[in-house]
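**Student:** One structure, pasted below without further comment.
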Amino acid sequence: MSTNPGGWPPPQHTGTNRRLLVILTPILVLVLAVAAIGIGLVVRTATAEEIPGLAIPAVDGASPANVTADGAVRVGDPDAKVTVRVVMDLQCPVCQAFEEFNGAVLADAVRDGTAAVEYSVISFLDRASTTEYSSRAGNASFCVANTGVQEYQAWLAEMFVRQPPEYSDGLPDSDLIGIAESTGYTDSAVAECITGRSYDTYLKAKTREVLAGGVSGTPTVYIDGAEVTDRGALMTQNGLAPLLDAAR
Numbered sequence: 068m069s070t071n072p073g074g075w076p077p078p079q080h081t082g083t084n085r086r087l088l089v090i091l092t093p094i095l096v097l098v099l100a101v102a103a104i105g106i107g108l109v110v111r112t113a114t115a116e117e118i119p120g121l122a123i124p125a126v127d128g129a130s131p132a133n134v135t136a137d138g139a140v141r142v143g144d145p146d147a148k149v150t151v152r153v154v155m156d157l158q159c160p161v162c163q164a165f166e167e168f169n170g171a172v173l174a175d176a177v178r179d180g181t182a183a184v185e186y187s188v189i190s191f192l193d194r195a196s197t198t199e200y201s202s203r204a205g206n207a208s209f210c211v212a213n214t215g216v217q218e219y220q221a222w223l224a225e226m227f228v229r230q231p232p233e234y235s236d237g238l239p240d241s242d243l244i245g246i247a248e249s250t251g252y253t254d255s256a257v258a259e260c261i262t263g264r265s266y267d268t269y270l271k272a273k274t275r276e277v278l279a280g281g282v283s284g285t286p287t288v289y290i291d292g293a294e295v296t297d298r299g300a301l302m303t304q305n306g307l308a309p310l311l312d313a314a315r
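Residue numbers 68 to 315, in the numbering used here, belong to the letters of the sequence shown in order.
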């Protein structure tokens with residue numbers, strides 16, 4: 068009488084099982100290796116897409132006036148003893164806080180001729196809005212600078228006052244045009260530049276260069292080429308003032 072009613076479980080033939088294991092093991096290893104390679108490619112592709120500029124062709128496009136060779140808007144006396152460089156994204160909330168704490172310090176330094184300021188506006192936070200606000204605002208920076216920098220710091224201050232919340236729609240182009248006009252940029256060419264995103268390619272190329280140069284976050288601030296790493300100086304009221312005084 069069978070001790071396996073219905074034929075289950077089947078008789079165990081250990082020799083056959085060992086042979087199958089020997090045959091299947093290298094096949095499984097190969098499948099897993101291929102899968103791992105595929106996963107790695109997906110991860111690398113996603114990372115490259117998520118870090119703006121890494122997949123962007125290194126072409127400059129149209130170049131605006133009143134910017135340095137590396138794409139910063141320079142404001143102030145060309146012969147000023149001190150040069151401050153601020154790398155920022157106009158969608159960045161911490162950049163907004165920096166402007167609130169130190170924007171007046173930089174404006175005063177430009178006004179009295181003790182320092183020139185280079186504003187390196189980059190765009191890597193398009194994911195934080197539904198309308199590519201970071202890029203549209205960055206383009207607007209070059210649009211206004213192209214017609215003159217006398218009112219640039221006032222424009223920048225108003226842009227941060229009106230900064231939209233992260234992950235919102237962002238300000239429409241009509242608001243960007245309104246901010247430009249309210250701060251003295253009334254030339255119709257500015258509005259056309261904003262709606263046409265005339266410097267979009269240039270902005271992407273300069274963003275790529277800045278990120279490749281080692282900037283990993285915004286705001287990043289330099290005084291005469293030395294990075295300011297004191298968070299208190301960046302994020303307290305008038306915190307940069309003592310550092311500027313020491314640099315004079």
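Positions of the beta carbon are idealized from the N, C-alpha and C atoms, including for glycine.
1) K316: buried (16+ other C-beta within 10 angstroms of its C-beta) or exposed?
2) Using DSSP with H/G/I as helix, E/B as strand and the rest coil, what is G268?
3) When you compare the stretch 198-211 with the stretch 149-157, are there three or more beta-carbon pairs, one atom per stretch, that lie closer than 8 Å?
4) What does DSSP give as the partner residues of R152 in its beta bridges?
5) Can you check whether the CB of V172 is closer than 9 Å to the CB of N305?
6) Nearest to R152 by alpha carbon, out of D236, R275, T253 and I189?
7) Is DSSP giving R229 helix, strand or coil here?
8) Which value, in whole angstroms, describes the spacing of the CA atoms of G263 and C210?
9) From E225 to P286, what distance separates their C-alpha atoms?
10) Do F168 and T303 count as a contact pair if the criterion is CB distance below 9 Å?
11) Could you give the uninterrupted runs of the beta strand (DSSP E) lying entirely in the stretch 195-252, keeping only those of 3 residues or more?
12) Answer yes if the stretch 258-277 comes into contact with the stretch 240-247, meaning at least three C-beta pairs across the two stretches below 8 Å, and no otherwise.
13) Give the DSSP-derived three-state secondary structure of V140 in the structure shown.
14) DSSP on V177, reduced to helix/strand/coil?
15) Provide the residue span of the alpha helix (DSSP H) that contains S255, from first to last.
16) When you compare the CB positions of G170 and Q217, do they come within less than 9 Å of one another, or not?
17) Around the Cβ of A293, are there at least 16 other Cβ atoms within 10 angstroms (buried) or fewer (exposed)?
**Tutor:** Looking at the atomic coordinates:
1) Past the edges of the chain, shown from 68 to 315, lies residue 316, and the structure says nothing about it.
2) Here the question's residue 268 lines up with position 201 in the sequence shown. Residue identity differs from the one stated: residue 268 is Thr in this sequence, not Gly. Here T268 sits in helix by DSSP.
3) yes
4) Against the sequence shown, residue 152 aligns to sequence position 85. R152 is bridged to E185 and Y289.
5) In the sequence shown, counting from the first residue as 1, residue 305 sits at position 238. In the sequence shown, counting from the first residue as 1, residue 172 sits at position 105. Taking 9 Å as the Cβ cut-off, N305 and V172 qualify as a contacting pair.
6) Residue 152 sits at position 85 when you count from the first residue of the sequence shown. Answer by Cα proximity: I189.
7) The residue labelled residue 229 in the question sits at position 162 within the sequence shown. Note: R229 maps to coil in three-state DSSP.
8) For this step, residue 263 is matched to residue 196 along the sequence shown. For this step, residue 210 is matched to residue 143 along the sequence shown. Roughly 10 Å separates the two Cα atoms.
9) Along the sequence shown, one-based indexing puts residue 225 at 158. Along the sequence shown, one-based indexing puts residue 286 at 219. Distance between the alpha carbons of E225 and P286 is about 17 Å.
10) Reading the sequence shown from its first residue, position 236 is the one you call residue 303. Reading the sequence shown from its first residue, position 101 is the one you call residue 168. Contact flag set, yes.
11) none
12) yes
13) Along the sequence shown, one-based indexing puts residue 140 at 73. Three-state result, V140: strand.
14) Within the sequence shown, numbered from 1, the residue matching residue 177 stands at position 110. Note: V177 maps to helix in three-state DSSP.
15) Here residue 255 is taken as the residue at index 188 of the sequence shown, counted from 1. Start and end: S255 to G263.
16) Here residue 170 is taken as the residue at index 103 of the sequence shown, counted from 1. Here residue 217 is taken as the residue at index 150 of the sequence shown, counted from 1. No; because the gap between Cβ atoms is not below 9 Å, this pair is not in contact.
17) The residue you call residue 293 lines up with position 226 of the sequence shown. By the neighbour-count rule (16 or more Cβ atoms within 10 Å), A293 is not buried but exposed.
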